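The sequence shown runs 86 to 484 under this note's numbering. Heads up, the beta-carbon is just placed ideally off N, CA and C, and yes, glycines get one too. Please read all numbers here as calculations on a predicted model, not as lab measurements. To start, the structure under review is shown below, and the notes come after it.
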Amino acid sequence: ILWMDNRAVDQADRINATKHPVLRYCGDADSPEWMIPKVLWIKENQKDIYNRSYKIIEQLDYLNYKLCGVLSSSICQATCKWNYVESEGGYQKDFMEAIGLEDYEEKMVTRVDKIGTYLGKISPEFAREFDLNPDMIIVQGGVDAHMAMFGLNVIVPNKIGVIMGTSFVHLCLAEEKKEYKGIWGPYDGAVIDKLWLLEGGQISAASVLDWYQNNFYQGDSYETIIRQAEEIPIGCDGLVALDFFQGNRTPYKTARAKGVYYGLKLTHTKAHLYRALLEAVAFGTANIIKNFDDQGYPVNTLIGCGGVTKNRLWMQIISDVTGKPIIVNKELQAGVLGCGVVAAASALYEGDFQKAADEMVHTDVKIEPNMENHKKYEKIFTKYLKLYENLAEMMEMDD
């Protein structure tokens, strides 16, 4: 079941209706994207599979098991997706019983290890089959986007990394636990021990552009599409879109939000519709940044990675809409680099993640916002917010 699959909406709703204290450590709500609602969905809808399963695990757990024969959950995934809270003793038995997973200790991997923890040496059989160093050690990893924090060098408070791909993920760390609205977290030590992880996100980002391109731009090159979008003025001549094609992660936290085009006229072209989606995703990021700012977590600079950073028109739009500079590092695949940082820290730097990141992460470019464009976008951003506000009740009525 892929991460963006929202089949477990009803299960998430029931989990959140318990208002169990453990939900305070994940932003007061579970998302249907997460593993606990999905495990519950399997139990309720695929009982035979559930009963026959030895363990229901993340793909990372499976890879580690194949590599070294150890079944261990990463604290990153356990905390962010499985309602594990280290400072409260881990998994909460009364919570699991309340939601219908009283057998969680049987079906889940309850061993939880921190990122960088030594799990074991690579199995001799695996090393032989793939011609790998038989003395290679395996250390614990984490969620792909969260591992990118190491590859962005965003592993101390007051920095924010934005993973810009199929979805957008906005990640930062805080020294103190604080109640935030519209943000996932604060997660207890999910990435760096004794620091609280805060997370914003947009489920549909580059995936929305892929949808549009595949349906309406067949035959045109990527460069042609961008060139046409560059010729469309800011605000797309009155056309505004909502980017919630697969629901909204933050700040509205609803899987029932929908994508929208508003203001269509006969004078609009396919290039208008395309640019409106670029602007919509930028408005979604701006809304998340605004939510951080409004609650006392100031965001001055974004550090971006992922495929979207290659689209400099889109990057400039995001910078202009948010009014924030964006740093792009030399290695765009920050998740892969982040794994390298963690491995290097474990093998070469006595577990010092910061020292490894300082050695391995290097800035390429810094995109500065055009503040005149930012002023133009402010009025359109307000319309974007109002559009969702006026349609939210109708969206929640849909199945």
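Residue closest to residue i, alpha-carbon to alpha-carbon, out of the options
i	options	result
Gly267	Val241, Asp115, Tyr462 and Ala93	Asp115
Glu308	Asn218, Gly344, Asn396 and Gly332	Asn396
Leu440	Asp273, Ala428, Leu470 and Leu398	The question names Leu, but residue 440 in the sequence shown is Lys. For Lys440, the nearest C-alpha among the options comes from Ala428.
Gln96	Pro117, Asp113, Tyr110 and Arg109	Pro117
Glu416	Val446, His459, Gly250 and Val194	Val446
Lys464	Val155, Gly250 and Gly323	Gly323
Ser431	Lys128, Ile223, Phe180 and Val94	Ile223
Glu457	Lys409, Asp98 and Tyr347	Lys409
Asn333	Val197, Val254 and Gln418	Val254
Leu351	Phe368, Ala342, Lys166 and Cys321	Cys321
Phe301	Asp179, Gly201, Thr354 and Val276	Thr354
Arg99	Leu87, Glu182 and Ile86	Glu182
Ala259	Trp269, Ser252 and Gly250	Trp269
Leu476	Val197, Asp449, Tyr347 and Gly381	Tyr347
Val94	Pro209, Lys338 and Tyr150	Lys338
Arg92	Lys104, Ile121, Asp113 and Gly112	Ile121
Leu108	Glu264, Leu398 and Phe215	Glu264
Gly174	Arg196, Ile184, Gly154 and Leu186	Arg196
Cys111	Tyr147, Ala163 and Leu87	Ala163
Pro209	Ile200, Pro219, Gly201 and Phe215	Pro219
Endpoints, alpha helix (DSSP H) assigned at residue i
i	result
Gly389	Not the alpha helix (DSSP H): Gly389 falls in the beta strand (DSSP E), residues Leu387 to Cys390.
Val241	Looking at the DSSP string, Val241 is not in any alpha helix (DSSP H), and its letter there is neither H nor E.
Trp399	Arg397 to Thr407
Trp167	Looking at the DSSP string, Trp167 is not in any alpha helix (DSSP H), and its letter there is neither H nor E.
Cys424	Ala419 to Leu433
Leu470	Met456 to Met482
Asn299	Ala291 to Phe301
Tyr265	First-last for Tyr265: undefined, no H or E at that position.
Pro124	Position check: residue 124 holds Val in this sequence, whereas Pro was assumed. Segment Met120 to Asn130, the alpha helix (DSSP H) holding Val124.
Val94	Val94 to Ala102
Lys178	Lys178 to Ile184
Gln439	Phe438 to Met445
Beta-carbon proximity check, residue i vs residue j, cutoff 7 Å
i	j	result
Met89	Ile317	no
Ile207	Leu152	yes
Tyr473	Leu358	no
Val345	Ala371	no
Ser292	Gln225	no
Val170	Asp278	no
Thr394	Val413	yes
Tyr469	Val247	no
Thr335	Gly389	no
Val239	Ala290	no
Gly423	Phe235	yes
Ile319	Lys461	yes
Trp119	Lys166	yes
Val194	Lys262	no
Ala314	Ala340	no
Ala212	Ala419	no
Leu282	Ala275	yes
Val384	Ile373	no
Gly391	Met249	yes
Ile411	Ile452	yes
Terminal residues of the beta strand (DSSP E) in which residue i lies
i	result
Gln287	Trp281 to Gln287
Leu148	Here Leu148 belongs to no beta strand (DSSP E); instead the alpha helix (DSSP H) covers Gln144 to Cys153.
Val450	Thr448 to Ile452
Ala259	Phe253 to Ala259
Asp273	Trp269 to Asp273
Asn414	Ile411 to Asn414
Ile223	Ile222 to Val224
Neighbour flag for residue i against chain C, beta carbons, 7 Å
i	result
Leu217	The structure shown contains no chain C; it is built from a single protein chain.
Buried versus exposed, by CB contacts within 10 Å (16 or more), residue i
i	result
Leu237	buried
Ser306	exposed
Asp229	buried
Leu204	buried
Ser172	exposed
Ile245	buried
His231	buried
Met400	buried
Arg312	exposed
Tyr297	buried
Glu143	buried
Leu362	buried
Ala102	exposed
Asn136	exposed
Gln303	exposed
Pro271	buried
Gln131	exposed
Val124	buried
Phe466	buried
Gly381	exposed
Heavy atom of the ligand SAM within 6 Å of residue i beta-carbon
i	result
Gly332	The model on display carries no ligand, and the ligand SAM is accordingly not part of it.
* Which ranges does the beta strand (DSSP E) cover as unbroken runs of at least 3 residues, wholly within the region 313-395, from first to last along the chain? -> 325-328, 344-347 and 387-390
* **Complete alpha helix (DSSP H) runs within the region 184-213 (minimum length 4 residues, chain order)** => 189-192
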